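To start, the structure under review is shown below, and the notes come after it.
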Amino acid sequence: MDDLDREILNEIQWSFPLVSEPYNALAEKFKITNEDLKCRISALKSSGILRQLSAIFDTRRLGYKSSLVAMAISPENLDYVANQINRHPGVSHNYERNHEYNLWFTLATPPGNDLKTEVAKFSKLPGIIKVRLLPTIKLFKIGVKLDMIQEKKQNIAPTEEKKKISEVKFNPTDDDKEFIRQLQKDLPVIDRPFIPAAQALGITEDEIFKKLKYYEEIGVMRRYAAILRHRDAGFVANGMIVWKVPEERIEIVGEKLGAFPQISHCYQRPVYADWPYNVFSMVHCKSIPEAESMAKEIQRQIDVNDYKILFSSREFKKTRVEYFTESEFKIEQTIPV
């Protein structure tokens, strides 16, 4: 990557143009040719740094239920259990972390399915000592943006404003579901990349943009943007900072944490006797010392003393949930006889 590649990645992680010829619009912005811009995007995809360009939908607004799940697994069984869990189509992220709870994954289930029932299916696997279901009680922030330009690093301070959305009830129709199936696909690198989706849906490009913008206004789509592979982009310290926040301060602390540009995710989650941490936040850094230093500075500003950072030591799975495409998952079909 050169400096221009990094500038382009910064731009498209948060602000991809929803127009008929988006690559041309980006080329004009960066004062290069359309062909050069497309070549750069293609090369970034081929290298693995740019994972996907697509609509990013909100799981809960689509009627899905989701949860973070923590498992304590005997070390000799960890790889096997992780790989079996990966087979579930609702599992999008799955990491080994440096803690007694050594496997952490996210699970989403479609409308009509029960999260606890799906998690219970994994009980047939060997070596699982404890399971903790950690669904979101309150979402304060979700939105990864990896700053690819070293000189542009922002100060560690709660400076971001929360995006406002219209609270409109959304029950996806069959047309909505087909639209989502098409727009969650990776955008091709061609002059008019929205044409294939428009043709599949029998609508115009302008109708696609109008619907995407409406989805964004009501929070069904978080944004249309690029998703990067953190590790390939150099962000190898994936730190989950968990905070033990006094009950009466959760709202204030969560909102403040969510305003830090360096924090990509922030949630309130339930506590257990052996897990007292009720606010979770994520940082993505280029080294563990950098993440630890960042956590200390954030801690100083939010005034919460009891916290831990759990780093992911291995990535077992990282993908996007494909909405409205799932079939029933049966753990028995994945276990060798």
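Residue numbers (the working numbering): 717 to 1053. Ideal Cβ placement from N, Cα and C applies to all residues, glycine included. If you're wondering where the values come from, they're calculated on a predicted model, not measured in any experiment.
- Pairing Pro-909 with Leu-903 gives a Cβ-Cβ distance under 8 Å.
- Exclusion of the five residues before and after Leu-720 leaves Phe-746 as the residues of its chain whose Cβ lies within less than 7 Å of its Cβ.
- Of all C-beta pairs linking the stretch 781-791 to the stretch 930-950, fewer than three are shorter than 8 Å, placing the two stretches out of contact.
- Note: Glu-812 is bridge-paired with Leu-819 and Arg-1030 in the DSSP secondary-structure output.
- The beta carbon of Lys-781 is closer than 6 Å to those of Thr-825 and Leu-831 in its chain, skipping five residues each way along the sequence.
- Going by C-alpha positions, Ala-798 is about 7 Å away from Phe-1032.
- A direct Cα-to-Cα measurement between Phe-1040 and Ile-966 gives close to 34 Å.
- Annotation for Leu-760: Leu-766 place their beta carbon closer than 6 Å to its own, counting only its chain and skipping 5 residues before and after.
- In the three-state reduction of the DSSP assignment, Leu-794 falls in the helix class.
- Under DSSP, the beta-bridge partners assigned to Ala-941 are Ser-770.
- Here Trp-730 is exposed: its Cβ has fewer than 16 other Cβ atoms, across all protein chains shown, within 10 Å.
- Proximity to Asn-829 across Lys-1024, Leu-899, Tyr-930 and Gly-779 peaks at Gly-779, based on C-alpha coordinates.
- Residues of the same chain with a CB within less than 6 Å of the CB of Phe-732, apart from the 5 flanking positions on each side, are Tyr-940 and Ala-941 in chain order.
- Looking only at Ile-772, Thr-822 and Lys-857, the smallest Cα-Cα distance to Glu-932 is reached by Ile-772.
- Listed in chain order, the beta strand (DSSP E) elements of length 3 or more contained wholly in the stretch 901-983 are 937-944 and 953-959.
- With respect to the C-alpha of Gly-843, the residue from Arg-813, Tyr-796 and Leu-734 having the closest C-alpha is Tyr-796.
- For the pair Ser-980 and Val-995, the Cα-to-Cα distance works out to about 13 Å.
- When the alpha-carbon of Met-956 is set against those of Asp-892, Gln-1017, Tyr-1023 and Pro-992, the nearest one is in Tyr-1023.
- Its Cα nearest to that of Val-785, the residue Thr-822 stands out among Asn-818, Thr-822 and Pro-977.
- Its chain contains Glu-812 as the residues whose beta carbon lies nearer than 6 Å to that of Arg-1030, once the 5 sequence neighbours on both sides are disregarded; these appear in chain order.
- Per the Cβ contact rule, the stretch 740-754 is not in contact with the stretch 800-817 (fewer than 3 Cβ pairs under 8 Å).
- With a beta-carbon spacing of about 5 Å, Met-864 and Leu-725 fall inside the 8 Å limit used to define contacts.
- Proximity to His-815 across Thr-1035, Pro-986, Phe-1027 and Gln-800 peaks at Phe-1027, based on C-alpha coordinates.
- Only residues of its own chain outside the window of five on either side were considered, and among them Ile-765 and Leu-862 have a CB closer than 6 Å to the CB of Ala-949, listed in chain order.
- For Arg-1016, the enclosing alpha helix (DSSP H) begins and ends at 1004-1018.
- For Trp-991, the pairing in a beta bridge is given by DSSP as Tyr-988.
- Taking the C-beta atoms as reference points, Tyr-993 is found nearer than 8 Å to Trp-959.
- Ranking Lys-1012, Val-952 and Val-1037 by CA distance to the CA of Ser-1003 puts Val-952 first.
- Note on Lys-1012: under 16 other CB atoms within 10 angstroms of its CB, so exposed under the neighbour-count rule.
- Counted as a single uninterrupted DSSP element, the beta strand (DSSP E) harbouring Pro-851 occupies residues 844-851.
- DSSP, read as helix, strand or coil, puts Tyr-1023 in strand.
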